[in-house]
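Report on one structure; see the data block that follows.
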Amino acid sequence: MFAAENGLKGDPRLQGISEAIRVVPHFPKPGIMFQDITTLLLDHKAFKDTVDIFVDRYRDMDISVVAGVEARGFMFGPAIALAIGAKFVPLRKPRKLPGKVISEAYELEYGTDCLEMHVGAVKPGERAIVIDDLVATGGTLSAAIRLLERSEAEVVECACVIGLREVKGQLRIAVNYRSLSMKMLRHRLT
Amino acid sequence: MMRGSLLPRCSNSIFPPPPNSNRLQPPSLKRLSAPTAASSGAQSRLTFSQNYRTAPNRLRCSVSESQWKQDREMATGDEQQDPRIAGISSAIRVIPNFPKPGIMFQDITTMLLDTKAFKDTIDLFVERYRDKNISVVAGVEARGKPNKLPGEVISEEYSLEYGTDKMEMHVGAVEAGERALVIDDLIATGGTLCAAVKLLERVGVNVVECACVIELLGLKGRERLGDRPLFVLVNAT
Numbered sequence: 001m002f003a004a005e006n007g008l009k010g011d012p013r014l015q016g017i018s019e020a021i022r023v024v025p026h027f028p029k030p031g032i033m034f035q036d037i038t039t040l041l042l043d044h045k046a047f048k049d050t051v052d053i054f055v056d057r058y059r060d061m062d063i064s065v066v067a068g069v070e071a072r073g074f075m076f077g078p079a080i081a082l083a084i085g086a087k088f089v090p091l092r093k094p095r096k097l098p099g100k101v102i103s104e105a106y107e108l109e110y111g112t113d114c115l116e117m118h119v120g121a122v123k124p125g126e127r128a129i130v131i132d133d134l135v136a137t138g139g140t141l142s143a144a145i146r147l148l149e150r151s152e153a154e155v156v157e158c159a160c161v162i163g164l165r166e167v168k169g170q171l172r173i174a175v176n177y178r179s180l181s182m183k184m185l186r187h188r189l190t
Numbered sequence: 001m002m003r004g005s006l007l008p009r010c011s012n013s014i015f016p017p018p019p020n021s022n023r024l025q026p027p028s029l030k031r032l033s034a035p036t037a038a039s040s041g042a043q044s045r046l047t048f049s050q051n052y053r054t055a056p057n058r059l060r061c062s063v064s065e066s067q068w069k070q071d072r073e074m075a076t077g078d079e080q081q082d083p084r085i086a087g088i089s090s091a092i093r094v095i096p097n098f099p100k101p102g103i104m105f106q107d108i109t110t111m112l113l114d115t116k117a118f119k120d121t122i123d124l125f126v127e128r129y130r131d132k133n134i135s136v137v138a139g140v141e142a143r144g145k146p147n148k149l150p151g152e153v154i155s156e157e158y159s160l161e162y163g164t165d166k167m168e169m170h171v172g173a174v175e176a177g178e179r180a181l182v183i184d185d186l187i188a189t190g191g192t193l194c195a196a197v198k199l200l201e202r203v204g205v206n207v208v209e210c211a212c213v214i215e216l217l218g219l220k221g222r223e224r225l226g227d228r229p230l231f232v233l234v235n236a237t
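Written out as structure tokens, the structure reads:
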């Protein structure tokens with residue numbers, strides 16, 4: 001699940017990636033240690049390495065769809081899509097996408113939210129990956145998977161820069177965390 | 001670091017030009033107009049369809065075809081329209097009356113599904129900017145709202161058709177003296193782009209150019225940017 005378990009242990013790029021992410025305490029509300037990937041985007045090498053690790057993994061897997069979850073999935077997804085020759089499909093909050101969409105609701109801590117995808121963006125039988133910056137409970141990713149499966153695409157894998165180990169989530173299928181073991185260690189110490 | 005020449009100004013002020021070695025061609029020479037897809041002599045009509053593949057985008061063209069041909073000849077001068085533009089243009093679909101009646105929404109998500117058009121779009125920008133010493137690409141969030149970025153930010157308010165909105169940037173994301181591009185999918189009135197430019201200029205960044213895939217003509221976006229260069233791939237009305 002985590003990068004270390006996927007044969008990337010010791011990949012020299014992971015440390016730089018981990019260190020480029022900053023934690024902002026009490027955002028968006030008290031008690032939440034927010035994993036801010038925008039600092040990673042400012043570090044050209046770390047940003048490129050992040051994209052390269054995903055591209056190296058997916059380029060020969062016949063992926064034709066990269067679906068990115070709004071909004072931080074948009075910061076990594078298109079670069080990966082371009083590099084592997086796949087299309088990029090944004091999965092958005094309600095009423096952002098024009099034209100005909102399908103919607104999938106998912107649970108939040110309090111209440112529900114909704115993810116939408118364009119009708120016709122994905123064809124039956126296409127092989128897809130879902131990208132987001134971070135996975136916590138897996139609720140958003142599960143909704144993303146359902147949207148793609150409703151369009152009869154095959155979700156090959158979910159890929160995230162960060163996996164929050166200490167949050168136990170119910171995931172419909174096994175998802176692959178591209179996690180940063182170094183990052184998690186730091187997290188626990190602060 | 002020098003920042004005296006880069007204090008925020010209204011859109012009518014004149015900015016000192018960048019050093020010649022980094023100077024870009026005036027955008028008016030490089031502005032690439034899109035031919036209307038499948039134009040057959042008659043003024044093209046707008047069609048809309050939910051089917052991505054069978055209804056190519058027809059950018060509504062308010063000029064007659066002879067005028068369009070003339071404009072195209074003027075644009076060619078010593079610049080041919082890049083052959084990739086037609087494919088990019090036809091990959092963009094128009095959704096009428098979104099998000100509200102009367103607005104013809106230029107939907108670039110269909111272009112993201114066309115791997116060639118998407119790649120060509122990026123390539124056109126990359127080719128233009130790769131040797132220009134740009135260290136920052138600032139991307140604008142569509143209909144962005146405040147309170148999304150964690151940590152310390154600076155804000156810039158800007159006008160909407162009704163009311164105002166606020167755009168934010170992280171403190172410390174950029175340094176005075178850096179050379180930046182501002183990217184958005186589309187320029188209409190230019191309000192959003194202007195706010196983005198001001199955010200950067202307030203911290204002493206040199207905004208070398210604004211780059212958009214689409215320019216909506218007739219809304220004076222280019223004017224609102226004043227002397228700040230604007231580069232677009234496709235025009236629409």
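First to last, the sequence lines map onto chains W and H.
full-length UniProt numbering numbers the first residue of the first sequence as 1 and each following residue consecutively.
full-length UniProt numbering numbers the first residue of the second sequence as 1 and each following residue consecutively.
Beta carbons: idealized from backbone N, C-alpha and C, even for Gly.
In the DSSP annotation of this structure, the continuous segment of the alpha helix (DSSP H) that includes F118/H starts and ends at T115 to Y129. Listed in chain order, the non-local C-beta contacts of R59/W below 6 angstroms within the same chain comprise I84, local neighbours out to five positions each way being set aside. Interface annotation, K87/W: in contact with chain H, CB-CB separation under 9 angstroms. Interface annotation for the segment 97 to 126 of chain H against chain W: F98, P99, F105, D107, T109, L112, L113, D114, T115, F118, K119 and I122, criterion Cβ-Cβ distance under 8 angstroms.
Straight-line measurement puts the Cα of G10/W at about 43 angstroms from the Cα of D107/H. DSSP places I85/H inside the alpha helix (DSSP H), whose first and last residues are R84 to A91. Counting along the chain, no beta strand (DSSP E) covers S18/W; the unbroken alpha helix (DSSP H) around it starts and ends at P12 to A20.
For L108/W, not one C-beta of chain H is nearer than 9 angstroms to its own C-beta. With a threshold of 9 angstroms between beta carbons, R57/W makes no contact with chain H. Look at I95/H: its C-beta is under 9 angstroms from a C-beta on chain W. At least one CB atom of chain H sits nearer than 9 angstroms to the CB of R22/W.
DSSP, read as helix, strand or coil, puts H118/W in strand. Contact annotation for D36/W against chain H: P150 and G151 [CB-CB distance below 7 angstroms, chain order]. For Y106/W, the enclosing beta strand (DSSP E) begins and ends at V101 to E107. Per DSSP, R179/H lies in no alpha helix (DSSP H); the unbroken beta strand (DSSP E) holding it starts and ends at R179 to I187. Under the Cβ criterion of 9 angstroms, G99/W is counted among the residues facing chain H.
Per DSSP, reduced to three states, the secondary structure at R224/H is helical. The C-beta of R13/W comes no closer than 9 angstroms to any C-beta of chain H. Bridge partners of L216/H according to DSSP: A236/H. Distance from the CA atom of E168/H to the CA atom of F98/H, rounded to whole angstroms, is 25 angstroms. Using a Cβ-Cβ cut-off of 7 angstroms, A86/H is close to nothing in chain W; its nearest Cβ partner there is about 19 angstroms away.
In the three-state DSSP reduction, G73/W falls in the helix class (H, G or I).
Under the Cβ criterion (8 angstroms, minimum of three pairs), the segment 176 to 187 of chain H does not count as touching the segment 61 to 75 of chain W.
Taking C-beta atoms as the reference points, D184/H and A196/H count as a pair closer than 9 angstroms.
Taking D49/W as the centre and dropping the five residues before and after it, the same chain places the C-beta of R13, G16 and I17 closer than 7 angstroms to its C-beta, in chain order.
Against A138/H, chain W offers no close residue; the least beta-carbon distance is about 11 angstroms (beta-carbon pairs closer than 7 angstroms).
Interface criterion met: the Cβ of N147/H is under 9 angstroms from a Cβ in chain W. The C-alpha of E152/H is placed about 13 angstroms away from the C-alpha of P28/W. Flagged as an interface residue toward chain H: F27/W, by a C-beta distance shorter than 9 angstroms. For D56/W, the uninterrupted alpha helix (DSSP H) segment begins and ends at H44 to Y58.
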